[in-house]
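In terms of my numbering, the sequence shown opens at residue 411 and continues consecutively.
Every residue gets a Cβ at the ideal spot worked out from N, C-alpha and C, and that includes glycine.
Keep in mind it's a predicted model, so treat the numbers as computed, not measured.
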Amino acid sequence: MINWSHFINRAGKLTITLVAISIIISLITWWGSNQYTYWIAFDWGLILDGQIWRLISPVFLHFIIAGLPIHILFNMMWLWDLGGSIEKAKGWQYLIALVIIIGVGSNLAQYFYYVFSVGELMASRYLFGGMSGVVYGLLGFIFVRRRFDPFFPLRLNDAIMKFMLIWLVLGFVGIIGNVANIAHLSGLVIGALIGFVTAKTKKF
């Protein structure tokens, strides 16, 4: 039986804010289907022109999958759990730094994957978004940080890691539809690297 009180109290103010922004933006853009979507979508040309918020803003954009809001429900559940745990243990500044680094890094990786795959002109037509890259990054961070720093206050259950890795593979083979697989993979790698470096330096 789910302890709802424990689940609700698991998240801090920043985690709750990130979830709220994701829900609001997804509704305003109507799941990435109307004209407001392009206010926050990744656009390399506009980023170079100074609209730097587009480096991170796509993480708040979510889409409808199979007629259901599965995308946002899945991401918000994991953000609430992983992000909330990090915020409670290390503070909101720690979490926001991770979210920004992983979010920007995974968005850039996804875009430049498109550039190398189909060319810059076609890449600009691809719309992607979601908190999945960040979620995978937080997952990788906690897993690796704990492995190399046994005193780190958070520990990830091995079964959860295996489940998320299976889900990652299913995305690449196309079973769960058209998803930003490179953002997921790069987020995981970036989070893991941060976990490794910070475990060795103990400076973050």
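Here residue 606 has 554, 555 and 558 as same chain residues with Cβ atoms under 8 angstroms from its own Cβ, once five neighbours each way along the sequence are excluded. Around the beta-carbon of residue 585, fewer than 16 other beta-carbon atoms lie within 10 Å, marking it exposed. Boundaries for residue 446: no alpha helix (DSSP H) harbours it, and the DSSP string shows neither H nor E there. Judged by DSSP secondary structure, residue 557 falls within the alpha helix (DSSP H) whose first and last residues are 542 to 558. Between residue 494 and residue 425, the CB-CB gap stays under 7 angstroms. In this structure, residue 520 keeps its C-beta atom at 7 angstroms or more from the C-beta atom of residue 602. With a cutoff of 7 angstroms on beta-carbon distance, residue 473 and residue 464 are scored as not near each other.
Taking the C-beta atoms as reference points, residue 581 is found no nearer than 7 angstroms to residue 498. In this structure, the straight-line span from the alpha carbon of residue 560 to that of residue 572 is close to 20 angstroms.
Taking 7 angstroms as the cut-off, the beta carbon of residue 597 is found closer than this to the beta carbon of residue 546. Here residue 523 has 592 as same chain residues with Cβ atoms under 8 angstroms from its own Cβ, once five neighbours each way along the sequence are excluded. In this structure, 471 is the residue among 434, 459, 610 and 471 with its C-alpha nearest to the C-alpha of residue 537.
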